[in-house]
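To start, the structure under review is shown below, and the notes come after it.
Chains as they are written, first to last, in my numbering: chain A, 37 to 353; chain B, 57 to 338.
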C-alpha cells in the first residue's frame with residue numbers, strides 16, 4: 037500500500053481504536069433479549085398470581101361466557117371477596133369479552149369498539165402532547181435566558197401542578213366549552229410541566245468549555261442555542277417526553293370524562309364503571325386497552341429517542 | 057526572529073488581571089504583562105501552576121477581560137478580533153460535540169460563520185486529511201482515542217483559517233509518545249499554514265522543541281520573567297531533540313523558571329481550570 041511510516045501510523049491508529057472500542061463495550065448491552073424476556077416473565081407471574089388467588093378463594097369456576105346455572109368445573113376451597121368474579125374476573129373471561137359485542141345487539145366487538153375509542157383519545161392526547169411540549173420548551177428557553185423570568189415564573193409552574201387535575205378539569209371545560217378543545221387543553225396542562233422542568237436543566241447541561249469555544253467563533257445567542265444548548269439537552273428532552281406521553285393520555289381520559297366527550301376512552305371507562313356489576317370484564321378490558329395505549333405512545337417516543345440520539349455514547353440507559 | 061519591521065499580530069501592553077472571588081478575596085493572576093508577537097511566530101507560554109499563562113491566553117482571545125492595560129490583535133481590539141474570527145482555540149480537552157460526527161465537528165465553526173454547504177464539506181475533508189484522519193470522517197468522537205480527538209479539535213480550529221491559533225495545553229493529557237507525535241504534527245501544520253501560534257504548556261522540552269520564542273512566567277503575581285529565543289534550526293525532528301543547542305536551551309528555560317521561584321507542577325492544569333471557571337462567570 038503506502039510507505040512504512042504511514043502504515044505504522046495506521047497500525048497505531050487501529051490499535052488505539054481497538055482499545056477505545058473495548059472500553060466502549062459495556063455501553064452496548066450484550067443480552068438484548070433480556071428485557072423483553074423479563075417483561076413477559078412479569079406478565080406470566082401476574083397471571084399466575086391472579087388465577088392462583090381465584091383457584092384458592094374465587095367464585096366456582098365455569099367456562100368462559102357462562103354464568104350461574106352452568107356446570108361448575110372447579111370449586112375453590114375458600115371464598116375471598118377480593119378474588120370473586122365481580123372484583124377479579126377470570127383472565128379468560130376478559131379475553132372472551134373482547135370478542136363479544138360491546139353492548140347487547142351491537143355489531144362491533146368490544147375490542148373493535150375499544151380500539152376505536154383508544155384511537156380517538158390518542159389523537160387528542162397527541163395534540164395536547166405536542167402543544168404541551170412546545171409550551172414547555174418555550175418556557176424553559178425563556179427561563180434559561182432570563183434569571184428574572186425564571187425566578188418570577190418557575191414557582192407558578194410548580195404550583196400549577198399541585199392543583200388536582202380533577203378539580204381543575206371542570207373549570208377548564210367550563211371556560212372552553214364542552215368539546216375536544218377543553219380535552220386538549222387538559223392534556224397540554226399535564227404535559228408542559230415535565231418538559232419545562234427537564235429542559236430547565238437540559239438547556240444548561242452543556243460543557244462550559246464548549247460555550248467558550250463558540251464564543252471564540254463569535255457565535256450569537258441564537259447560534260449557542262441551536263448548536264449547543266438544544267442538541268446537548270436532547271437526552272433530557274426525551275426523558276421528559278416519555279413522561280409527557282403517558283401523562284397526556286391520562287389527561288385526555290380525564291378531560292373526556294369531564295367534558296362529556298362520547299367517543300373516547302374516558303366515556304367508555306365511565307360507562308363500564310357504572311355497569312360494572314353486570315359486566316366487570318368490560319371495565320378490565322378498557323383498563324387493559326388504556327394501559328396498552330399509554331405503553332404504545334411511550335414506545336413511539338422511545339423509538340424517536342433512539343433515532344435522534346443514535347451515535348451518542350451511553351444512550352441505552 | 058521577532059520581526060521588528062512588521063506590525064505585530066498580538067500587542068499586549070501593561071496588562072493586569074485581578075480575579076475577585078465570591079468571598080471578596082482577590083487573586084492577582086497577571087501583573088504588568090508586555091508582549092508582542094510577530095506574524096507567523098510560534099510562541100510558548102510556560103510557567104508553574106497559577107502563573108496565569110492560561111489566563112494570558114484567554115486575555116488574548118477575549119475570553120477574559122483584563123483589569124488594566126490593552127490588547128491589540130491585528131491592529132484591532134481583542135473583542136473585534138474575536139468577532140472577526142481571527143482566533144482558533146484548542147483546549148486541553150478536545151471539547152468535541154458528542155452528537156456530531158468527526159466531520160460535523162470540524163464543520164461547526166464554518167456553520168456559525170455561515171459558509172456555504174459545499175465549501176464546509178470540502179474544507180472539513182481537507183482539514184481532516186491535514187491531521188491524517190481522512191478515514192475517520194463518519195466516526196463518532198467516542199470511537200476515537202484521546203490523541204485522535206485532539207487532532208479533530210486542531211482540524212476544527214484550523215478549518216476557518218484563523219490568523220492566530222491559541223492552544224491551551226493541548227497535549228497535556230496525552231502520553232509522552234503520543235505527545236511527541238502530536239508536536240511534530242503541529243509543527244508540520246504550522247509550517248504548511250503559516251498561522252501564528254500561541255501555545256500554553258508546562259513541559260519545558262515541548263516548549264523548546266516547538267517554539268521560536270519561549271515566554272517564561274512566574275506565579276503570584278503572574279508576570280513574565282524571561283523570554284528565551286529558540287534558535288534550534290528548522291525543520292525540527294528527532295535529531296533536534298538530541299542536539300546540544302536543544303539541551304542548552306532547555307537548561308536556560310529551566311533556570312529561568314527556578315529564578316522566578318517556580319517549581320514546575322505536573323498538574324499545571326489546575327490553573328487552566330480555575331481561569332476557565334472564572335472566565336465563564338465573567
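Note that the Cβ used here is the ideal one computed from N, Cα and C, for glycine as well.
The structure presented is a predicted model; accordingly, all values stated were derived computationally and were not measured.
Sequence-distant residues of its chain with Cβ nearer than 8 Å to residue i (five each side left out)
| i | result |
| --- | --- |
| residue 308 of chain B | 284 |
| residue 205 of chain B | 150, 152, 197 |
| residue 304 of chain A | 149, 150, 153, 322 |
| residue 86 of chain A | 124, 127 |
| residue 74 of chain B | 82, 83, 84, 85, 123 |
| residue 134 of chain B | 115, 116, 117, 118, 127, 128 |
| residue 143 of chain A | 137 |
Classification of residue i by the beta-carbon crowding that lies within 10 angstroms, buried from 16 upward
| i | result |
| --- | --- |
| residue 81 of chain A | exposed |
| residue 286 of chain B | buried |
| residue 145 of chain B | buried |
| residue 198 of chain A | exposed |
| residue 181 of chain A | exposed |
| residue 335 of chain A | exposed |
| residue 318 of chain A | buried |
| residue 265 of chain A | buried |
| residue 264 of chain B | buried |
| residue 69 of chain A | exposed |
| residue 178 of chain B | exposed |
| residue 233 of chain B | exposed |
| residue 289 of chain A | buried |
| residue 228 of chain B | buried |
| residue 257 of chain A | exposed |
| residue 333 of chain A | buried |
| residue 157 of chain A | buried |
| residue 279 of chain B | buried |
| residue 87 of chain B | buried |
| residue 302 of chain A | buried |
| residue 294 of chain B | exposed |
| residue 101 of chain A | exposed |
| residue 183 of chain A | exposed |
| residue 233 of chain A | buried |
| residue 76 of chain A | exposed |
Cβ-Cβ separation, residue j to residue i (assumed contact under 8 Å), whole Å
| i | j | result |
| --- | --- | --- |
| residue 218 of chain A | residue 291 of chain A | 6 Å |
| residue 228 of chain A | residue 172 of chain A | 4 Å |
| residue 262 of chain B | residue 297 of chain B | With a Cβ gap of about 11 Å, residue 262 of chain B and residue 297 of chain B do not count as contacting. |
| residue 97 of chain A | residue 110 of chain A | 4 Å |
| residue 226 of chain A | residue 284 of chain A | 6 Å |
| residue 114 of chain A | residue 92 of chain A | 6 Å |
| residue 216 of chain A | residue 164 of chain A | That pair is no contact at about 10 Å. |
| residue 224 of chain B | residue 148 of chain B | 6 Å |
| residue 215 of chain B | residue 172 of chain B | Incorrect: roughly 14 Å between the Cβ atoms, too far for contact. |
| residue 70 of chain B | residue 90 of chain B | 6 Å |
| residue 301 of chain B | residue 288 of chain B | 5 Å |
| residue 266 of chain B | residue 110 of chain B | Incorrect: roughly 17 Å between the Cβ atoms, too far for contact. |
| residue 306 of chain B | residue 102 of chain B | That belief does not hold up - the Cβ atoms of residue 306 of chain B and residue 102 of chain B are roughly 11 Å apart, past 8 Å. |
Per DSSP, the bridge partner or partners of residue i
| i | result |
| --- | --- |
| residue 143 of chain B | B:220 |
| residue 242 of chain B | Residue 242 of chain B is not bridged to any residue. |
| residue 110 of chain A | A:97 |
| residue 253 of chain B | B:98, B:221 |
| residue 132 of chain B | B:129 |
| residue 93 of chain B | B:66 |
7 Å CB neighbourhood of residue i in its chain, flanking five on each side removed
| i | result |
| --- | --- |
| residue 281 of chain B | 272, 273, 274, 312, 315, 316 |
| residue 312 of chain A | 319 |
| residue 182 of chain B | none |
| residue 309 of chain A | 319 |
| residue 246 of chain B | 98, 253 |
| residue 236 of chain A | 176, 179, 180 |
| residue 212 of chain B | 161, 162, 164, 165 |
Residues near residue i in its chain [Cβ-Cβ closer than 6 Å; skip 5 each side]
| i | result |
| --- | --- |
| residue 163 of chain B | 176, 180 |
| residue 147 of chain A | 134 |
| residue 60 of chain A | Residue confidence for residue 60 of chain A is low, a pLDDT of 46 falling below 50, so the modelled location carries little weight; the figure read from the coordinates is stated next. So no residue of the chain qualifies. |
| residue 185 of chain A | 178, 179 |
| residue 294 of chain A | 205, 206, 209 |
| residue 203 of chain A | none |
Closer than 9 Å to chain D by CB, residue i
| i | result |
| --- | --- |
| residue 347 of chain A | Of the protein chains in this structure, namely A and B, none is chain D. |
Practice problem: Spell out a yes or no on whether the stretch 276-291 of chain A and the stretch 249-257 of chain A are touching, meaning 3 or more CB-CB pairs, one atom from each, closer than 8 Å. | Solution: Contact between the stretch 276-291 of chain A and the stretch 249-257 of chain A is absent: fewer than 3 CB-CB pairs across the two stretches fall below 8 Å.
Exercise. Evaluate the contact criterion for the stretch 168-187 of chain B versus the stretch 62-81 of chain B: three or more CB pairs, one atom per stretch, below 8 Å.
Key: With a cut-off of 8 Å, the stretch 62-81 of chain B and the stretch 168-187 of chain B do not count as touching, because too few Cβ pairs lie within range.
Practice problem: Assess, as a yes-or-no matter, whether the stretch 128-146 of chain B is touched by the stretch 62-69 of chain B under the definition of 3 or more beta carbon pairs within less than 8 Å. | Solution: Because the criterion of three Cβ pairs below 8 Å is met, the stretch 62-69 of chain B and the stretch 128-146 of chain B touch.
Self-check item: Segment contact flag, the stretch 131-140 of chain B with the stretch 153-161 of chain B, C-beta cutoff 8 Å, min 3 pairs
Solution: The stretch 131-140 of chain B is not in contact with the stretch 153-161 of chain B.
Self-check item: the stretch 254-274 of chain A / the stretch 333-348 of chain A touching (three or more Cβ pairs under 8 Å)
Solution: Contact between the stretch 254-274 of chain A and the stretch 333-348 of chain A is present: three or more C-beta pairs spanning the two stretches fall below 8 Å.
Quiz item: Taking one C-beta from the stretch 122-133 of chain A and one from the stretch 185-203 of chain A each time, how about it: are there three or more such pairs within less than 8 Å?
Solution: A contact between stretches requires three or more CB pairs, one per stretch, nearer than 8 Å, and the stretch 122-133 of chain A fails this requirement with the stretch 185-203 of chain A.
Quiz item: Using 8 Å as the Cβ pair cut-off and three pairs as the minimum, do the stretch 218-234 of chain B and the stretch 247-260 of chain B touch?
Solution: Yes, since at least three Cβ pairs between the stretch 218-234 of chain B and the stretch 247-260 of chain B fall closer than 8 Å, the two stretches touch.
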